[in-house]
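All remarks here apply to the structure that follows.
Residue numbers (the working numbering): 9 to 641.
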């Protein structure tokens with residue numbers, strides 16, 4: 009598929025010389041960017057008619073040009089990193105040509121590169137084609153244009169990166185020539201030269217005024233939203249799709265567009281939702297190995313385009329190499345990926361809905377599935393459970409009861425591990441992702457709810473909960489505290505009275521510190537030693553309320569019996585404070601905390617023993633965050 013409205017490197021260099029303005033950053037490409045460029049050229053193919061899009065080049069004519077060349081000088085507004093890297097590679101090709109002394113064609117190509125891309129003519133006094141900003145230009149002329157070999161003991165950062173790029177490309181070319189032998193050496197260098205100069209394609213813009221330069225530079229480099237990982241995946245799949253023949257490419261394009269439309273409709277406009285979908289699907293179906301690439305990079309490595317191109321496309325391939333594209337695997341594997349993501353977006357939408365039809369399950373479990381999904385989302389921290397939910401839905405499409413058991417197990421895990429024990433949201437994510445992948449590989453006969461509870465038991469057995477709950481600690485900052493106290497309120501009501509919807513308690517003023525954070529009259533005697541607020545932030549001192557502003561830092565007896573006060577509250581846990589306690593001290597705080605924890609262990613019991621350490625204890629926080637998804641989810 010040809011790339012319309014683009015130019016080649018040869019087109020760009022026709023009739024102009026280039027200057028990097030002082031406001032541009034120096035050459036900054038590291039090994040990864042150099043590797044990407046080399047791989048693009050390696051897989052481009054010897055027939056570069058279609059080309060490979062290499063980026064945007066924005067130029068501005070330099071009105072203050074005082075050079076001696078008759079050619080106009082243009083400033084590079086954007087794209088100088090790409091152009092600089094291409095010229096470094098061409099310089100390396102030129103050097104390699106000069107080593108083929110017995111081949112006159114190699115000398116001709118070396119001279120052409122020098123006079124057309126490094127300078128404006130064959131003589132050494134001719135102006136260079138590219139002038140870098142001060143600080144690197146002298147080194148550029150000596151090391152890249154002329155290959156003088158002069159020693160530089162104190163190189164700047166830009167000079168070091170230029171030198172590293174020269175060595176990288178020279179090493180790749182040397183290995184390439186060693187692999188093909190002397191007879192084919194020039195043919196391979198000529199092929200590489202053509203891929204650089206005519207195979208790479210650029211979108212080219214020119215601006216005319218100085219005022220445009222800064223605006224365009226900022227717009228290109230600093231404005232707009234960065235692409236999400238999900239958007240990057242779609243772009244890469246569409247790029248891969250170009251490698252198919254016309255008919256399957258058209259069919260697959262329509263499928264990708266349809267699936268992505270469904271995905272966006274199902275996950276909504278929130279940017280992180282699509283990335284969480286991608287992350288969870290990938291962990292569920294492709295594995296949860298430590299230090300594995302994430303997001304779009306994982307897709308690019310799994311769907312490496314080298315797998316689908318004929319061997320004859322590669323640099324140094326024999327002329328009579330296999331030229332058959334691997335059409336079937338490419339079509340089949342992309343179709344499987346996009347339909348899998350689309351299906352999981354449906355499952356995610358049903359999980360987030362609260363009133364989903366769950367047509368695959370039937371009426372008998374629909375209410376339970378919606379009720380449990382609402383509770384789990386209220387408890388938050390759902391990202392680490394999504395791989396399990398996706399596998400359960402994909403592998404057991406009609407097993408509604410098993411799905412409900414899984415949701416209940418996930419809720420137990422969330423409450424015991426993150427609320428009662430206070431572990432971070434991502435705790436257990438590695439073991440949970442591993443269980444999801446194992447179940448995916450098995451296909452049937454798995455019990456994910458048991459796996460979740462076994463993982464929970466490793467972190468939050470009854471003994472472990474009590475070890476943490478018998479001492480005061482900061483419960484006030486725990487993300488799911490309001491959900492936890494709301495469920496406790498539902499327990500106290502026993503179905504009596506009218507409890508406001510949970511959403512009314514989401515506001516910050518719905519948690520009351522019984523002993524206030526700022527000690528006033530009547531409190532310093534009992535809580536004056538609590539300088540680090542451990543007792544005041546612990547569970548036993550926190551109560552759900554409709555509005556804590558009315559209580560302020562009043563003494564305990566006034567909080568009990570003033571109006572508004574605990575005694576007349578519509579909430580049972582506040583009424584309990586008025587009826588069950590005559591005073592409020594650190595001792596009564598811990599007594600109330602014990603009562604609530606006892607209820608929680610009955611409400612979310614463990615029915616299985618620990619499955620042991622999944623290997624997560626050796627993982628870094630950064631790795632766990634990648635597995636656990638957005639920490640605020």
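Here a beta-carbon is modelled for each residue, glycine too, at the ideal position from N, C-alpha and C.
- Separation of the CB atoms of residue 615 and residue 414 is rounded to 14 Å, and the pair is thereby denied contact status at 8 Å.
- Between residue 373 and residue 409, the CB-CB gap stays under 7 Å.
- With a beta-carbon spacing of about 4 Å, residue 100 and residue 177 fall inside the 8 Å limit used to define contacts.
- For residue 83, the enclosing beta strand (DSSP E) covers residues 81–86.
- Under the criterion of beta carbons closer than 8 Å, residue 466 and residue 619 qualify as touching, at roughly 6 Å.
- Comparing alpha-carbon positions, the option among 116, 97, 83, 103 lying closest to residue 141 turns out to be 83.
- Counting along the chain, no alpha helix (DSSP H) covers residue 136, and no H or E run does either.
- The segment 432–444 and the segment 566–582 do not touch, with fewer than 3 CB-CB distances between them shorter than 8 Å.
- For residue 604, the three-state secondary structure derived from DSSP is helix.
- Between the alpha carbons of residue 191 and residue 44 lies a gap of roughly 28 Å.
- Cβ-Cβ distances below 6 Å link residue 421 to 460, 464 in the same chain, with the five nearest sequence neighbours on each side left out; the list follows chain order.
- From the listed residues 202, 563, 509, the smallest Cα separation to residue 490 is found for 509.
- Rounded to whole angstroms, the Cβ separation of residue 521 and residue 611 is 24 Å, and the two are not in contact under 8 Å.
- Residue 51 places its beta carbon less than 7 Å from that of residue 317.
- Looking only at 339, 29, 63, the smallest Cα-Cα distance to residue 17 is reached by 63.
- Per DSSP, reduced to three states, the secondary structure at residue 92 is helical.
- By alpha-carbon distance to residue 89, the top candidate from 60, 27, 54 is 27.
- Taking C-beta separations shorter than 6 Å and ignoring five residues to either side along the sequence, the partners of residue 400 in its chain run 411, 414, 456, following chain order.
- Close CB contacts of residue 295 within its chain, under the 7 Å cut and outside five residues either way in sequence, are with 445 (chain order).
- Going by DSSP, residue 420 is part of no beta strand (DSSP E) but of the alpha helix (DSSP H) stretching over 408–421.
- Residue state for residue 380 is assigned as helix, using DSSP reduced to three classes.
- In this structure, the alpha-carbon of residue 278 lies about 27 Å from that of residue 311.
- Here the segment 473–490 makes contact with the segment 534–550; the two share three or more CB pairs at distances below 8 Å.
- For residue 518, the closest alpha carbon among the candidates 501, 440, 407, 550 is that of 550.
- For residue 63, the beta-bridge partners assigned by DSSP are 210.
- The C-beta distance from residue 97 to residue 188 rounds to 18 Å, too long to fall under 8 Å, and the pair is not in contact.
- When the beta-carbon positions are compared, residue 405 and residue 368 come within less than 7 Å of each other.
- Secondary structure note for residue 27: its beta strand (DSSP E) is the uninterrupted segment 25–27.
- The beta carbon of residue 587 is closer than 8 Å to those of 575 in its chain, skipping five residues each way along the sequence.
- Under the DSSP definition of a beta bridge, residue 521 partners with 550.
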